[in-house]
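Numbering (this note's numbering), first residue to last: 37 to 322. Just so you know, even glycine gets a beta-carbon here, dropped at the ideal spot from N, CA and C. Inspection log for the structure reproduced underneath, given as structure tokens.
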């Protein structure tokens, strides 16, 4: 009797363990996740947590890169427009400097130059969709795009509008260069042009064009960095997702096979328990 009672208790415990294992496997299959809590697999859970932290950080970096690319695109368009305006100012100065323009034509050229000067002043105050200045007063904000990696999406106001290096020496702002060009075409009180002033203004506009070209080149380098960062983050996302899936995702085929095996064992154990119970009943009736 004692042996029969022990066998019954042991069989019941084994069946309960099998039922729990089958239930766990069924949950793994339905959720497609095999590591639910740290106790399921402490080593895997630690790696999953580390990957999760990296995924969260990369999501922030990816968002920053996307926003920075939007800003650099705006700056690129703005610099192109500024360069077009400077080139137009050079054309107007060249036409006016040969002395063939009538007074009305020169006045029209001056009016257009004044419009260009105003458009550059407006461009210098441009903002992105969040209201941040494209041309920051002071150093532009450095945006994190990777672990310990930052980049400026916008430009410094002074670098673009405030400090044009002149071939004659010194620096001038774009606004001053346009102002001098306008003044040179207005001439003296009688309207007579000072050819030296006109030539100096034309040279300064050449310097301004070179200055903007340099700014465009610098921006192009940053745009390339951002594109590379976007590609790297996309690759990291794929690799991290794959690594995490290998650690925590259920191999449904394997889990289903294990569950079927355990169900077979459970059915056999239940049959054995029925036999043990029947034997125990006969012993009591004997």
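How would you call residue 205, buried or exposed, if buried means at least 16 neighbouring beta carbons within 10 angstroms?
exposed
Close Cβ partners of residue 303 (< 7 Å) along its chain, the five nearest in sequence each way excluded
none
Just how far apart, CA to CA, sit residue 245 and residue 122?
6 Å
Outcome for residue 210 when other beta-carbon atoms lying within 10 angstroms are tallied against a minimum of 16
buried
Quick check: what's the CA-CA separation for residue 199 versus residue 208?
6 Å
State the CB to CB distance for the pair residue 218 and residue 149, rounded to an integer number of angstroms; the pair is presumed to be in contact (CB under 8 Å).
5 Å
Between which residues of its own chain and residue 88 is the CB-CB distance below 8 Å, once the five residues before and five after are set aside?
280
Should residue 178 go down as buried or exposed, given a rule of 16 or more other Cβ atoms within 10 Å for buried?
exposed
Would you list the residues sitting across from residue 191 in a DSSP beta bridge?
171
Can you tell me which of the three DSSP states residue 201 falls into?
strand
Using a Cβ distance threshold of 8 Å, determine whether the stretch 233-253 contacts the stretch 108-122, with at least three qualifying pairs required.
yes
In terms of residue numbering, what span does the beta strand (DSSP E) encompassing residue 141 cover?
From DSSP, residue 141 is part of no beta strand (DSSP E) but of the alpha helix (DSSP H) over 139-159.
With a CB to CB cut of under 8 Å and the five nearest residues on each side skipped, what residues in its chain are close to residue 188?
175, 176, 177, 178, 179, 258
Chain-order list of residues whose beta-carbon lies under 8 Å from that of residue 104 (same chain, five-residue window excluded)
179, 181, 187, 189, 262
Inter-residue Cα distance where the pair is residue 215 and residue 108:
29 Å
Residue 137 versus residue 131 - alpha carbon distance
7 Å
From the DSSP output, in three-state form, read off residue 30 for me.
This structure gives no information on residue 30, because the portion of the chain shown stretches from 37 to 322.
Contact set for residue 126: own chain, Cβ-Cβ below 8 Å, skip 5 residues either direction:
238, 241, 242, 245
Just to confirm my understanding: we take residue 85, look at its own chain, exclude 5 residues before and 5 after, and list those with CB closer than 8 Å. What are they?
none
Along the chain, where does the alpha helix (DSSP H) that runs through residue 78 open and close?
78-133
State the Cα-Cα distance for the pair residue 141 and residue 153, rounded to the nearest angstrom.
18 Å
Can you tell me the Cβ-Cβ gap for residue 272 and residue 100, rounded? I've got them flagged as a contact below 8 Å.
Not a contact, Cβ separation roughly 14 Å.
Can you tell me which of the three DSSP states residue 185 falls into?
strand
Sort out for me which residues DSSP pairs residue 180 with in a bridge.
186
Alpha carbon to alpha carbon, how far is residue 76 from residue 83?
13 Å
Residue 265, buried or exposed, once every other Cβ within 10 Å from all chains shown has been counted against 16:
buried
For residue 73, does the count of other Cβ atoms within 10 angstroms reach 16, so buried, or fall short, so exposed?
exposed
Mind checking which residues open and close the alpha helix (DSSP H) that includes residue 256?
231-284
Counterpart residues of residue 163 in DSSP-defined beta bridges:
169
Own chain partners of residue 133 with C-beta closer than 6 Å, once the 5 adjacent residues on each side are dropped:
234
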